[in-house]
DNA sequence: GCGGCAA
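Numbering (this note's numbering), first residue to last: 22 to 307.
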């Protein structure tokens, strides 16, 4: 039970709930819990009926993809709607439309290496696709609130860093068409313009710009987000030249560890050779 | 008063 309790006794334990929402539709109750643990943030979506409960875990960077895909199924005529698969990290999410005597539904199932496949089923609703729209709207709210969580309380009025064109394609995973048979005329997935998405590039609103210097260079660190998720941009500025790398936050920890590795193996060079074989010797008297 | 999925 997710309820609102606080933390918890049972399994899983230390994860912090950042945003909790529920959606009741027909006789199902969907729980949306944006949670955080040392490995990062994720959205847990549970479907609960009287008899069953089923949960999928979506990495934060996947929320916008879920938004796009729900919009795709909302906006695509039934006979043109393909099944889709969305790859995120090590997981694959499968989106399929189904229909039975109860009506149409969208089946979203998660396949990950360790766990068994788990599935939630979102009814389209009786008069159109209002179930999917309601679900989509909750995702929108969560995505919105999730991006606000990066704002620090006492924002200083920092100079926004210069904007860089064309960041958006560099971040995030892609999804590919699933097992649809005919690959129709270029009308694949109009992912990027299905709905009013949050600003393409919110860099600068975050109040978290940092700068370091090394030799003659400056490096700017800026958090940003676009429709693919959150990222850290590291820009090197030397004279009039600037270049950047865009690092999805999902890779930040690895990046940190990698830097740490090189700090370790180059430490001796920086601090003067020392170690088991070479030791520092007091400077000769002079 | 639902009920799908998929093991």
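All C-beta atoms, glycine included, are put in the ideal place defined by N, C-alpha and C.
Identify which residue in the options has its Cα closest to the Cα of residue i.
i: residue 79; options: 97, 280, 279 and 129; result: 129
i: residue 116; options: 141, 37, 43 and 251; result: 141
i: residue 15; options: 35, 233, 60 and 84; result: The displayed coordinates of the chain run from 22 to 307. Any statement about residue 15 would go beyond what the structure contains.
i: residue 103; options: 110, 119, 88 and 113; result: 119
i: residue 50; options: 136, 76 and 272; result: 76
i: residue 235; options: 251, 253, 243 and 257; result: 257
i: residue 6; options: 237, 273 and 261; result: One cannot answer for residue 6 here, as it falls past the ends of the chain, which runs 22 to 307.
i: residue 108; options: 48, 86, 259 and 42; result: 86
i: residue 231; options: 242, 237 and 146; result: 242
i: residue 149; options: 169, 162, 126 and 168; result: 126
i: residue 270; options: 66, 62 and 42; result: 62
i: residue 72; options: 282, 283, 98 and 48; result: 48
For residue i, does the count of other Cβ atoms within 10 angstroms reach 16, so buried, or fall short, so exposed?
i: residue 144; result: buried
i: residue 267; result: buried
i: residue 58; result: exposed
i: residue 54; result: buried
i: residue 95; result: buried
i: residue 280; result: exposed
i: residue 121; result: exposed
i: residue 264; result: exposed
i: residue 251; result: buried
i: residue 81; result: buried
i: residue 287; result: exposed
i: residue 64; result: buried
i: residue 100; result: exposed
Going by beta carbon distance, what residues of the same chain come within less than 7 Å of residue i, once the five residues before and after it are set aside?
i: residue 134; result: 111
i: residue 157; result: 88, 91, 92 and 95
i: residue 276; result: 268
i: residue 38; result: 54 and 56
i: residue 166; result: 40
i: residue 206; result: Reliability of the predicted coordinates at residue 206 is poor, the pLDDT of 36 falling under 50, and the value obtained from them is presented with this limitation in mind. None.
i: residue 46; result: 144, 152 and 155
i: residue 42; result: 53, 159, 162 and 163
i: residue 328; result: What is shown of the chain runs 22 to 307, which leaves residue 328 out entirely.
i: residue 35; result: 58
i: residue 170; result: 39
i: residue 278; result: none
i: residue 97; result: none
Please report the Cβ distance between residue i and residue j, rounded to the nearest whole angstrom; I am assuming they are in contact, meaning their Cβ atoms lie under 8 Å.
i: residue 5; j: residue 93; result: The structure shown does not extend to residue 5, since the chain is modelled only from 22 to 307, so the question has no answer here.
i: residue 67; j: residue 74; result: 6 Å
Taking 6 Å as the limit between beta carbons, can you name the residues of its chain near residue i, skipping five residues before and five after?
i: residue 132; result: 113 and 138
i: residue 259; result: 238
i: residue 285; result: none
i: residue 213; result: Annotation note: pLDDT 33 at residue 213 (below 50); position unreliable, coordinate value reported separately. Result list for residue 213: empty, nothing under 6 Å.
Ignore the nearest five residues each way along the sequence and tell me which others in residue i's own chain have a CB closer than 8 Å to its CB.
i: residue 147; result: 124
i: residue 136; result: none
Handout entry: Minimum length 3: unbroken beta strand (DSSP E) runs contained in the region 41–107
Key = 49–58, 61–69 and 74–80
Exercise for the section: Go through the region 228–281 residue by residue and report every complete run of the beta strand (DSSP E) that reaches 3 residues or more, in order. Expected result: 231–235, 238–247, 250–259 and 262–269
Problem - Every unbroken alpha helix (DSSP H) inside the region 117–172 [4 residues or more] - result: 151–169
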